[in-house]
């Protein structure tokens, strides 16, 4: 019996240790923050993993002010970089753990340059944005801009000064009308962005140029199954709209269908950072990845001017309009327009989701506004640029605890079972032999 108990204990202990090892491997692959819940890019562009960053750079810019800084971005080594205009600011940035780069122009000066461009007569096919890495405003003209008009734009840039750089592109800036899930109306198509709610009614957040209020949307081109109706739009100026669900049987959860049977649960909302790796899903081109290259871009589409956009290297094509931009389950924007395609590449512009949600008075179910937690080391300040961090606020409710545990996948269950098995071996002990005690003087 003693040998049998020892054998059982060894077998259980071996199985428990194996379960702990296997569970640890499974959890390490599914750990929250390591990837967008384990999904991968269907276009072969790489795994669906985006580096989650605590936006130290954004907090430093907010604390130091626009007269002493000129933007921030994520460096090639993954560290935050802040453009500064004086040595004192550079010292504060370094003490906070970021890299300081001395530049000539402050953000106030660059913003003044963009205002001068905006005050000029509108020229369709042009766009501009602040490039913090080059410390310049980049003015771009597409192939539709005539030689005469482009010459006038270049003269204007020269008048503004060296803080403006001009560049031509052989493509044209267009809205991408015609995402995650496709939506059809009157022979055209857009993509659903994010499911949102005002607390009572469910809506789809998508691009504003997709259609005016009253536009009906269907799940297919035949119009057999209705999705809903556009009830609010902001375009041009902005590029977002709300489609109210008329069909309550359709999924209204905070899950994105990114193709190939893969889904991403949206857990947060934030503004992106220059240099951040991001993902876009669209009904035409599926899941694509790229990096953020600029913020607060102004684009003069043929239909009108849109400001405050995010620029990224993620490609897009007609039909992708309104599709979601995200990273690690954090909602960042909806597809507006751009140039090029997914064969030769190009740039794409996105409406920031934070501004759209605030303007429309809606929220993504279960998604929290992201905020940076650590304070700035140089001054102990805790101020942060709104929604610029990929770090979650933490676990606070029962639903959060359950969702957090589920995000680890089955590996967590395997670990619990293994740990329980290991504890059970303490109860399986070989029966000790009892010896009769004899007087010390015996024998």
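In the working numbering, the protein residues as written are -6 to 436.
C-beta atoms are modelled at their ideal positions from N, C-alpha and C, and glycine is treated no differently.
*What residues in its chain sit with their C-beta under 6 Å from that of residue 142, if we drop five residues either side in the sequence?*
For the purposes of this step, residue 142 is taken as the residue at position 149 of the chain shown. The answer, listed in chain order, is 116.
*Cβ distance (whole Å) where residue 243 is taken to contact residue 259 below 8 Å*: The count along the chain shown starts at 1 and reaches residue 243 at position 250. The count along the chain shown starts at 1 and reaches residue 259 at position 266. At roughly 17 Å, the Cβ-Cβ gap does not stay under 8 Å, so residue 243 and residue 259 are not in contact.
*To which residues of the same chain is residue 205 closer than 8 Å at the C-beta, ignoring the five residues directly before and after it?*
Numbered from 1 along the chain shown, position 212 holds the residue referred to as residue 205. Once the five neighbours on either side are set aside, the close Cβ partners of residue 205 are 223, 226.
*asked:* Assess contact between the segment 324 to 343 and the segment 278 to 292, defined as three or more Cβ pairs (one per stretch) separated by less than 8 Å. Is contact present?
replied: Yes, the segment 324 to 343 is in contact with the segment 278 to 292.
*If you run the structure through DSSP and keep just helix, strand and coil, what is residue 133?*
For this step, residue 133 is matched to residue 140 along the chain shown. Collapsing the DSSP output to three states places residue 133 in a strand.
*Applying the criterion that 16 or more other CB atoms from any shown protein chain within 10 Å of the CB defines a buried residue, is residue 152 buried or exposed?*
Against the chain shown, residue 152 aligns to sequence position 159. Of the other Cβ atoms in all chains shown, fewer than 16 fall within 10 Å of the Cβ of residue 152; this residue is therefore exposed.
*Return the CA-CA distance between residue 207 and residue 274, expressed in angstroms with no decimal places.*
Position 214 of the chain shown, counting from 1, holds the residue named residue 207. Position 281 of the chain shown, counting from 1, holds the residue named residue 274. Rounded to the nearest whole angstrom, the C-alpha separation of residue 207 and residue 274 is 26 Å.
*For residue 59, which residues of its own chain have a beta-carbon under 6 Å away from its beta-carbon, when the five flanking residues on both sides are left out?*
The residue labelled residue 59 in the question sits at position 66 within the chain shown. Same-chain partners within the cutoff: 100, 101.
*asked:* For residue 277, report the span of its alpha helix (DSSP H) as first-last.
replied: In the chain shown, counting from the first residue as 1, residue 277 sits at position 284. For residue 277, no alpha helix (DSSP H) segment is defined, and its DSSP state is neither H nor E.
*alpha helix (DSSP H) segment containing residue 316, residue limits*: As a first step, residue 316 is located in the chain shown; it is residue number 323 there, counting from the start. Residue 316 -> no alpha helix (DSSP H), and no H or E assigned at all.
*asked:* For residue 291, tell me which candidate among 111, 238, 62, 219 has the shortest Cα-Cα distance.
replied: Within the chain shown, numbered from 1, the residue matching residue 291 stands at position 298. The shortest Cα separation from residue 291 among 111, 238, 62, 219 belongs to 111.
_Between the CA atoms of residue 233 and residue 183 - distance to the nearest angstrom_ = Position 190 of the chain shown, counted from the start, is the residue given in the question as residue 183. Position 240 of the chain shown, counted from the start, is the residue given in the question as residue 233. Rounded to the nearest angstrom, the two C-alpha atoms are 12 Å apart.
*Thinking C-beta only, is residue 97 closer than 8 Å to residue 65?*
Numbered from its first residue, the chain shown carries residue 65 at position 72. Numbered from its first residue, the chain shown carries residue 97 at position 104. Not a contact, by the Cβ cut-off of 8 Å.
_Please list the terminal residues of the continuous alpha helix (DSSP H) segment that includes residue 437._
Because the chain is modelled from -6 through 436, residue 437 falls outside the range shown and cannot be assessed.
*Residue from 149, 150, 158, 95 with nearest C-alpha to residue 124*: Residue numbering aside, residue 124 sits at position 131 when the chain shown is read from its first letter. Ranking the options by Cα distance to residue 124, first place goes to 158.
*Of the listed residues 119, 103, 70, 78, nearest to residue 295 (C-alpha basis)*: As a working mapping, residue 295 is identified with position 302 in the chain shown. For the residues 119, 103, 70, 78, the minimum Cα distance to residue 295 belongs to 119.
*Close beta carbons around residue 211, own chain, < 8 Å, minus the five adjacent residues each side*: Position 218 of the chain shown, counted from the start, is the residue given in the question as residue 211. Scanning its chain for C-beta atoms nearer than 8 Å, with the 5 sequence neighbours on each side dropped, one finds around residue 211 the residues 176, 177, 178, 217, 218, 219, 220, in chain order.
*CB of residue 131 within 8 Å of CB of residue 161, strictly*: Indexing the chain shown from 1 puts residue 131 at position 138. Indexing the chain shown from 1 puts residue 161 at position 168. Taking 8 Å as the Cβ cut-off, residue 131 and residue 161 do not qualify as a contacting pair.
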